[in-house]
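*Asks:*
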Amino acid sequence: KGQVFVGGTEVTHPDVDIDAVRRRIGMVFQQFNLFPHLSVTENLTLPQRRVLKRDKEEAAKVAAENLERVGLSEKADAYPSSLSGGQQQRVAIARALAMGPEVMLFDEPTSALDPELVGDVLAVMRRLAQEGMTMMVVTHEMSFAREVADRVVFMD
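So the number in this note's numbering is just where the residue sits in the sequence shown, counting from 1, plus 206.
(1) Skipping 5 residues on each side, what residues in its chain have a beta carbon closer than 6 angstroms to that of ARG260?
(2) Please state whether DSSP places GLY280 in a helix, a strand or coil.
(3) May I have a chain-ordered list of the beta strand (DSSP E) segments no shorter than 3 residues that lie completely inside the segment 250-327?
(4) Would a C-beta distance cut-off of 8 angstroms place MET341 and PHE360 closer than the cut-off?
(5) Apply the 10 Å Cβ neighbour rule to MET310 and answer buried if 16 or more other Cβ atoms are within range, or exposed otherwise.
(6) My assumption, with CB atoms under 8 angstroms, is that LEU258 sits in contact with MET305. Please give the rounded CB distance.
(7) Can you confirm whether the segment 231-243 touches the segment 290-297 when touching is taken to mean that 3 or more C-beta pairs between the two stretches lie within less than 8 angstroms?
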């Protein structure tokens, strides 16, 4: 039993506006959950337009900025099926970042990837840590966790 705070808000309090809290948190899972029938850019603009009510131009601008941030500008018009697993995971990270989160949650972001693709995803996460993004990461990549974390909790 305990309390969880995000940005000074106790998110475990029964009266909290949980939807408002969710808008401040980005989540990336081991499965990328990209829409296969939408381009990379459309995967990034759809949630911005639906949830944040951004207009098409602003959403496209934010999408382009975040694709640049994860090193995938050249894949803006591609479809998920044409991307490697590591590229799809970086698109998922860009999609979460496009929503302007204060905190990012990662659930085993590299576990579904081939070993040679893990490095690109970890490099993006390393840059986010260097930029000061607060992240909670569930991972088996212990050397990465020790390198970038302020605090490591080991659970078995």
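Every residue gets a Cβ at the ideal spot worked out from N, C-alpha and C, and that includes glycine.
*Replies:* Quick answer:
(1) Within the same chain, ARG260 has close Cβ partners GLN254.
(2) Here the sequence assigns Glu to residue 280, which means Gly is not the residue at that position. In this structure, GLU280 counts as helix in the three-state DSSP scheme.
(3) 309-313
(4) No, the Cβ-Cβ distance between MET341 and PHE360 is not below 8 angstroms.
(5) buried
(6) 7 angstroms
(7) Flag = yes, the segment 290-297 and the segment 231-243 touch.
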